[in-house]
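In the working numbering, the protein residues as written are 15 to 361.
(1) Considering Cα atoms alone, identify which of 55, 117, 251, 258 is closest to residue 17.
(2) Let me check one thing: in DSSP terms, what residues is residue 301 bridge-paired to?
(3) Taking 8 angstroms as the threshold (C-beta atoms), are residue 146 and residue 104 in contact?
(4) Grab me the residues of residue 61's own chain with a C-beta within less than 6 angstroms of its C-beta, minus the 5 sequence neighbours each way, in chain order.
(5) Around the Cβ of residue 155, are there at least 16 other Cβ atoms within 10 angstroms (buried) or fewer (exposed)?
(6) Mind reading off the beta-carbon distance from residue 153 to residue 341? Whole number of angstroms is fine, and I expect it under 8 angstroms.
(7) Apart from the five residues on each side of it in sequence, which residues of its chain come closer than 7 angstroms, Cβ to Cβ, to residue 346?
(8) Can you grab the Cα-Cα spacing for the pair residue 289 / residue 82, in whole Å?
(9) I need the boundaries of the alpha helix (DSSP H) containing residue 75, first residue and last residue.
(10) Grab me the residues of residue 331's own chain with a C-beta within less than 7 angstroms of its C-beta, minus the 5 sequence neighbours each way, in chain order.
(11) Just curious, the alpha helix (DSSP H) that residue 87 is in, first and last residue?
(12) Which value, in whole angstroms, describes the spacing of the CA atoms of residue 184 and residue 223?
(13) Label residue 226 either buried or exposed according to how many other C-beta atoms from any shown protein chain fall within 10 Å of its C-beta, with 16 as the threshold for buried.
(14) Does the count of Cβ pairs from the stretch 265 to 278 and the stretch 290 to 298 closer than 8 angstroms reach three?
(15) Relative to the alpha-carbon of residue 113, which residue among 95, 94, 97, 85 has its alpha-carbon at the smallest distance?
(16) Do you know how far the Cα of residue 108 is from the Cα of residue 351?
(17) On the three-state DSSP scale, how would you describe residue 331?
(18) Helix, strand or coil for residue 159, going by three-state DSSP, please let me know.
(19) Is it the case that the Cβ atoms of residue 150 and residue 219 are separated by a distance below 8 angstroms?
(20) Measuring CB atoms only, is the stretch 233 to 250 touching the stretch 308 to 320, in the sense that at least three cross pairs come out at less than 8 angstroms?
(21) Is it right to say residue 126 is buried, meaning 16 or more other beta carbons lie within 10 angstroms of its own, or is it exposed?
(22) Does the structure place the stretch 118 to 138 close enough to the stretch 267 to 286 that three or more beta carbon pairs sit under 8 angstroms?
(23) With a Cβ-Cβ cutoff of 8 angstroms, do residue 323 and residue 36 count as a contact?
(24) Quick check on residue 254: does DSSP put it in helix, strand or coil?
(25) For residue 310, I'd like the list of residues in its chain whose CB is within less than 8 angstroms of its CB, leaving aside the five on either flank, ordered along the chain.
(26) Using the Cβ count rule (16 or more neighbours within 10 Å means buried), how would you classify residue 58?
(27) The alpha helix (DSSP H) that contains residue 104, what's its start and end?
(28) Is the beta carbon of residue 111 closer than 8 angstroms to that of residue 253?
(29) Which word fits residue 79, buried or exposed, when buried means at least 16 other C-beta atoms lie within 10 angstroms of its C-beta?
(30) Pick helix, strand or coil for residue 16, following the three-state DSSP scheme.
(31) Given this structure, state the Cα-to-Cα distance separating residue 307 from residue 272, to the nearest angstrom.
(32) Going straight from the alpha carbon of residue 139 to that of residue 344, what length do you get?
(33) Following the continuous alpha helix (DSSP H) through residue 128, name the residue where it begins and the one where it ends.
(34) When you compare each of 305, 335, 46 to residue 359 by their alpha carbons, which one comes out closest?
(35) What residue range does the alpha helix (DSSP H) around residue 288 cover?
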């Protein structure tokens, strides 16, 4: 019994200690992107034509490396700005896989198995593009947002003269020359930003702005790290328990099956909802037990669709759109996993 507990502890800690530095790296990058890079900039990088747009959307993670934990709200904002849903879905599926932080963590985890790195990128990009194409054909680019009016200016942003639906009007510096009044309520300011206080923002010192940005950056990074760390702890523990205590007579036949192994690993990654910056270390612990195709499916499916993201999708998008997306991604990832197992025996 003591030996079993020791083995469990060693395996759990080895996964955790390898993963946490990459969780921190991913949290820092996510904070920089979230706080200092606007959706407008991202929107401009994606061509509006179908073929070029799908390819560009699948590679956006190389420039805007966001984690799967934040990609659904970003996708919603892009659709609100007018990006076709097919391109937005491709972005959602590809960005958590094809980005520098995830590529680095995967390369570190699979140093001795470089083919896993390339397979993850290949499968991730192809599934993302194919899913976007399917969404475009099956939905005819119909508005997928749950609220039909969500493509228009939302109530809290009405009245702002900047025409940016994502901004909060009260943070604009006014150009009306009224130094210390509440423009929208007292002096009939002509700047058009009804509801902001001029003096508060115009006279704000540069240091206060820098200090506020630093504070928000640290707070955002800490929040990202804590949330992601909690998930990686759960994932590392469950994978350790499965490998140490799962009955070998049940696990080995499933793990060796070219089809069942893929389905099991896809179900596992969906439920534990790991962060893409560290899932490679959990996946690596299954190498040598489960098939190569199932490990690749674990590394791709869970970052495109998992329990956490499904809940977020249900809050923003129509059910038909969500069902088509999930089924398409699941079929493609499962098919790729089985194909890899059949064609790549011995990998």
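By construction, the Cβ of each residue, glycine as well, lies at the ideal position given by its N, Cα and C atoms.
In this text the structure is predicted, and so the values were computed from the model without any measurement.
Reading from the atomic positions:
(1) Residue 258 is the option with its Cα nearest to residue 17.
(2) Per DSSP, 304.
(3) Contact annotation: residue 104 and residue 146 have beta-carbon atoms nearer than 8 angstroms.
(4) Excluding sequence neighbours, residue 61 sits near 67, 70.
(5) Result: exposed.
(6) Going by Cβ atoms, the distance from residue 153 to residue 341 rounds to 13 angstroms, so no, they are not a contact pair.
(7) When the five nearest sequence neighbours on each side are left out, the beta carbons in the same chain lying within less than 7 angstroms of the beta carbon of residue 346 are those of 141, 144, 145, in order along the chain.
(8) Straight-line Cα distance between these residues: approximately 7 angstroms.
(9) Counting along the chain, residue 75 falls outside any alpha helix (DSSP H), and DSSP gives it neither H nor E.
(10) Leaving aside the five residues that flank residue 331 on each side, the residues in its chain whose CB is nearer than 7 angstroms to its CB run, in chain order, 158, 159, 160.
(11) 85 to 94 is the span of the alpha helix (DSSP H), which, as asked, contains residue 87.
(12) Bear in mind that the predicted position of residue 184 carries a pLDDT of just 40, short of 50, making it unreliable; the figure below should be weighed with that in mind. Annotation: residue 184 to residue 223 spans about 15 angstroms, alpha carbon to alpha carbon.
(13) Per the 10 Å Cβ criterion, exposed.
(14) Judged by Cβ distances under 8 angstroms, the stretch 265 to 278 makes no contact with the stretch 290 to 298, as fewer than three pairs qualify.
(15) Shortest Cα-Cα distance from residue 113 to any of 95, 94, 97, 85 involves 85.
(16) Looking at the two C-alpha atoms, the distance is approximately 17 angstroms.
(17) Three-state DSSP puts residue 331 in a strand.
(18) DSSP places residue 159 in strand when its eight states are reduced to three.
(19) The criterion of a C-beta distance shorter than 8 angstroms is not satisfied by residue 150 and residue 219.
(20) The stretch 233 to 250, when compared against the stretch 308 to 320, does not touch it at the 8 angstroms Cβ threshold.
(21) Burial call: exposed.
(22) Under the three-pair Cβ rule at 8 angstroms, the stretch 267 to 286 does not count as touching the stretch 118 to 138.
(23) No, Cβ-Cβ distance for residue 323 and residue 36 is not below 8 angstroms.
(24) Three-state DSSP puts residue 254 in a helix.
(25) Taken in chain order, the residues that qualify are 130, 133, 134, 137, 350, 351, 354.
(26) A residue is called buried once 16 or more other Cβ atoms fall within 10 Å of its Cβ, and residue 58, having fewer, is exposed.
(27) Element bounds for residue 104: 99 to 108.
(28) No. Outside cutoff.
(29) It is buried - the Cβ of residue 79 has at least 16 other Cβ atoms within 10 Å.
(30) Helix at residue 16.
(31) Rounded to the nearest whole angstrom, the CA to CA distance from residue 307 to residue 272 is 8 angstroms.
(32) Those two C-alpha atoms are separated by around 14 angstroms.
(33) Per DSSP, residue 128 belongs to the alpha helix (DSSP H) from 128 to 153.
(34) Answer by Cα proximity: 305.
(35) No alpha helix (DSSP H) contains residue 288, which DSSP labels as neither H nor E.
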